[in-house]
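Contents: one structure, followed by commentary.
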Amino acid sequence: MSIWSNAIGDYLLATLIAMTLTYALLTLMIRWGAWLRLLDVANGRSSHQQTVVRGGGLAVLLAWLPSLYVVLRRNDISILLPPHLVVGVFIFIILGLCDDIFSLRVWTKLVWQSIAAMLLVASFSFSVPTTLLALLISIWFVNIYNFMDGIDALASLEFLFVMAAAFLLAQDRMPLPIQGSAGLLGLTYLVFLRFNWPPAKIFLGDVGSYFCAVMLLCLMFYTCREKLLYWHTWAILLGVFIVDTSVTLLRRFLSAQCWYRAHCTHAYQHAARRFSCHRKVSVSVFLLNTVWLFPWALASVRYPDLGSVFLLLSWAPLAALSLFFGAGLPDGSTSRWLCKPRDSSI
Numbered sequence: 001m002s003i004w005s006n007a008i009g010d011y012l013l014a015t016l017i018a019m020t021l022t023y024a025l026l027t028l029m030i031r032w033g034a035w036l037r038l039l040d041v042a043n044g045r046s047s048h049q050q051t052v053v054r055g056g057g058l059a060v061l062l063a064w065l066p067s068l069y070v071v072l073r074r075n076d077i078s079i080l081l082p083p084h085l086v087v088g089v090f091i092f093i094i095l096g097l098c099d100d101i102f103s104l105r106v107w108t109k110l111v112w113q114s115i116a117a118m119l120l121v122a123s124f125s126f127s128v129p130t131t132l133l134a135l136l137i138s139i140w141f142v143n144i145y146n147f148m149d150g151i152d153a154l155a156s157l158e159f160l161f162v163m164a165a166a167f168l169l170a171q172d173r174m175p176l177p178i179q180g181s182a183g184l185l186g187l188t189y190l191v192f193l194r195f196n197w198p199p200a201k202i203f204l205g206d207v208g209s210y211f212c213a214v215m216l217l218c219l220m221f222y223t224c225r226e227k228l229l230y231w232h233t234w235a236i237l238l239g240v241f242i243v244d245t246s247v248t249l250l251r252r253f254l255s256a257q258c259w260y261r262a263h264c265t266h267a268y269q270h271a272a273r274r275f276s277c278h279r280k281v282s283v284s285v286f287l288l289n290t291v292w293l294f295p296w297a298l299a300s301v302r303y304p305d306l307g308s309v310f311l312l313l314s315w316a317p318l319a320a321l322s323l324f325f326g327a328g329l330p331d332g333s334t335s336r337w338l339c340k341p342r343d344s345s346i
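Numbering of the sequence shown is given in the working numbering, commencing with residue 1 and proceeding in unit increments.
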């Protein structure tokens, strides 16, 4: 009885710490954003028109860490959080924060992302082929999440959906410390969503999008290693982000655009400009995740042998939507469905 009462007390205290600290830190960041050099100034690639504070993910992290300690302090933290995993995560966090402040070069980011990804993946003790695949997935997914954090509330809602869906699909097989840690993180992002809801007062920033991506990667690798979920299940849950970025990149490459340069031609960005409303797009993506992708993910868990089929069926309409909204094409293109004629000046 005392064990359960201690656990309940710990979780209540951790919840109070997480939510209170998140609210307080975000309020301070919004007030002192200019002094901290954390301002996102609108430009030609922006999906917003006004200067907004960025780096809100740092407040989420700083609020989550003490609450995490409260719920894990009765466990062997070195087993739950191996040192190289912690170091890898914090390299990603510091890299994102530096990019928010100093706007780092692409190759500098890729080098440090690779180092951080190697440390992260090494902590899961995969086979050599799986380790190499997980390494590529880590670098790719961190950048995908960063690309998709371009309008108000989208990345936060995606994180909350995927995290909640993963735990629902894994049911009660997830260890209690992981459930508690993820639940606290979800609460901090709910508080953040209050400030990030359109019109946003603060953005996640690179530090926040990296943090979201890395937390989802850790959960993905753990559940796949322990056979709680499957790779194709995760690919289905993350379908909107994966398909939008993939179609955008492929279309920019095929139309001879400089595909590796910063741009604002993702399908969700075109949709936000078309409807002149971030909220409609972010909520629509959340509903698409819930109504369309979650049932396919559930089917992939129940019938894993058909997982690849379910993956293709779930992605096909997403690809069509991305093409329809002009993913990869500059504004003003004559056709939303076909690639523009090759033009090296773009």
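Even glycine gets a Cβ: it sits at the ideal position worked out from N, Cα and C.
Out of the options, point me to the one whose CA is closest to residue i's CA.
{"i": "Ala7", "options": "Val247, Tyr69, Phe324, Asn43", "result": "Tyr69"}
{"i": "Gly328", "options": "Leu298, Leu288, Val285, Val247", "result": "Val247"}
{"i": "Asp10", "options": "Pro177, Leu58, Leu168, Gln113", "result": "Pro177"}
{"i": "Trp231", "options": "Asp244, Ala166, Ala319, Pro199", "result": "Ala166"}
{"i": "Cys218", "options": "Ile139, His263, Ser308, Ser314", "result": "Ile139"}
{"i": "Pro198", "options": "Leu36, Gly33, Gln49", "result": "Gln49"}
{"i": "Pro82", "options": "Val291, Ser125, Ala170", "result": "Ser125"}
{"i": "Gly239", "options": "Leu311, Lys227, Ala271", "result": "Leu311"}
{"i": "Ile101", "options": "Trp35, Ala200, Asn43", "result": "Trp35"}
{"i": "Met29", "options": "Leu250, Arg273, Leu204", "result": "Leu204"}
{"i": "Ala116", "options": "Leu293, Asp244, Phe211", "result": "Phe211"}
{"i": "Met220", "options": "Phe147, Asp331, Asp40, Ala182", "result": "Ala182"}
{"i": "Leu250", "options": "Tyr145, Gly33, Ser322, Leu160", "result": "Ser322"}
{"i": "Val41", "options": "Arg54, Ala267, Trp32", "result": "Arg54"}
{"i": "Leu318", "options": "Met174, Thr245, Leu254, Pro304", "result": "Thr245"}
{"i": "Glu226", "options": "Arg273, Arg173, Leu237", "result": "Arg173"}
{"i": "Leu97", "options": "Asp331, Gly56, Tyr222", "result": "Gly56"}
{"i": "Asn289", "options": "Val309, Ala262, Val106, Trp234", "result": "Trp234"}
{"i": "Leu110", "options": "Ala272, Tyr260, Leu287", "result": "Tyr260"}
{"i": "Phe241", "options": "Ser209, Phe325, Tyr145, Arg273", "result": "Tyr145"}
{"i": "Leu313", "options": "Leu95, Asp331, Leu293", "result": "Leu293"}
{"i": "Trp107", "options": "Ile77, Asn143, Val128", "result": "Asn143"}
{"i": "Pro175", "options": "Leu80, Leu193, Ser127", "result": "Leu80"}
{"i": "Pro330", "options": "Ile77, Cys258, Arg31", "result": "Cys258"}
{"i": "Thr130", "options": "Tyr222, Gly33, Asn43, Asp99", "result": "Tyr222"}
Assuming residue i is part of the alpha helix (DSSP H), what are its boundary residues?
{"i": "Cys258", "result": "First-last for Cys258: undefined, no H or E at that position."}
{"i": "Val41", "result": "No alpha helix (DSSP H) holds Val41; DSSP gives it neither H nor E."}
{"i": "Asn196", "result": "176-196"}
{"i": "Trp352", "result": "Missing from the structure shown is residue 352; the chain here goes from 1 to 346 and no further."}
{"i": "Trp110", "result": "Reading off the sequence shown, one finds Leu at residue 110, where the question assumed Trp. Run containing Leu110: 106-122, per the alpha helix (DSSP H) assignment."}
{"i": "Cys277", "result": "Segment: none, Cys277 is in no alpha helix (DSSP H) and carries neither H nor E."}
{"i": "Arg66", "result": "Reading the sequence as shown, one finds Pro at residue 66 and not Arg. Taken as a continuous stretch (DSSP letters only), the alpha helix (DSSP H) holding Pro66 covers 56-72."}
{"i": "Ser47", "result": "Neither: Ser47 is in no alpha helix (DSSP H) and is coded neither H nor E."}
{"i": "Phe90", "result": "83-102"}
{"i": "Tyr210", "result": "205-225"}
{"i": "Ala316", "result": "307-324"}
{"i": "Leu237", "result": "231-237"}
What distance in whole Å lies between the Cβ atoms of residue j and residue i, which are believed to be in contact at a cut-off of 8 Å?
{"i": "Thr265", "j": "Arg252", "result": "7 Å"}
{"i": "Ile151", "j": "Ser47", "result": "5 Å"}
{"i": "Leu61", "j": "Ile93", "result": "6 Å"}
{"i": "Val191", "j": "Thr51", "result": "Their Cβ separation, rounded to whole angstroms, is 23 Å, which puts Val191 and Thr51 out of contact at 8 Å."}
{"i": "Val301", "j": "Leu169", "result": "5 Å"}
{"i": "Val162", "j": "Leu216", "result": "6 Å"}
{"i": "Val370", "j": "Trp315", "result": "A question about residue 370 goes unanswered here, because the residues of the chain that appear run from 1 up to 346."}
{"i": "Leu228", "j": "Ala297", "result": "Actually they do not touch by this definition, with Cβ atoms about 13 Å apart."}
{"i": "Ala271", "j": "Phe325", "result": "5 Å"}
{"i": "Trp112", "j": "Leu135", "result": "Rounded, the Cβ-Cβ distance is 14 Å, inconsistent with contact."}
Which class does residue i belong to by DSSP, given the choice of helix, strand or coil?
{"i": "Ile151", "result": "coil"}
{"i": "Ala14", "result": "helix"}
For residue i, which residues in the same chain have their Cβ closer than 8 Å to its Cβ, ignoring the five residues on either side in sequence?
{"i": "Leu119", "result": "His84, Leu85, Val87, Gly88, Ile91"}
{"i": "Ser345", "result": "Bear in mind that a pLDDT of 32 at Ser345, under 50, signals an unreliable position, so the number given afterwards is only what the model happens to contain. There are no such residues."}
{"i": "Val285", "result": "Leu154, Leu157, Glu158, Val240, Tyr268"}
{"i": "Cys224", "result": "Tyr230, Trp231, Trp234"}
{"i": "Arg274", "result": "Phe325"}
Could you pull out every residue in the same chain whose Cβ sits closer than 7 Å to the Cβ of residue i, ignoring the five residues on either side in sequence?
{"i": "Leu187", "result": "Thr15, Ala18, Met19"}
{"i": "Arg73", "result": "none"}
{"i": "Asp343", "result": "The pLDDT assigned to Asp343 is 40, lower than 50, so where the model puts this residue is not dependable; a value taken from the coordinates is nonetheless given after this. The residues are Ala256."}
{"i": "Ala59", "result": "Thr22, Leu25, Leu26, Met29"}
{"i": "Gly180", "result": "Tyr11, Val71"}
{"i": "Ala63", "result": "Ala18, Leu21, Thr22, Leu25, Thr188"}
Grab me the residues of residue i's own chain with a C-beta within less than 6 Å of its C-beta, minus the 5 sequence neighbours each way, in chain order.
{"i": "Ser67", "result": "Ala14, Ile17, Ala18, Leu184"}
{"i": "Gln269", "result": "Ser47, Gly150"}
{"i": "Asn75", "result": "Pro177"}
{"i": "Phe195", "result": "Leu26, Lys201, Ile202"}
{"i": "Val214", "result": "Val89, Phe92"}
{"i": "Ala122", "result": "His84"}
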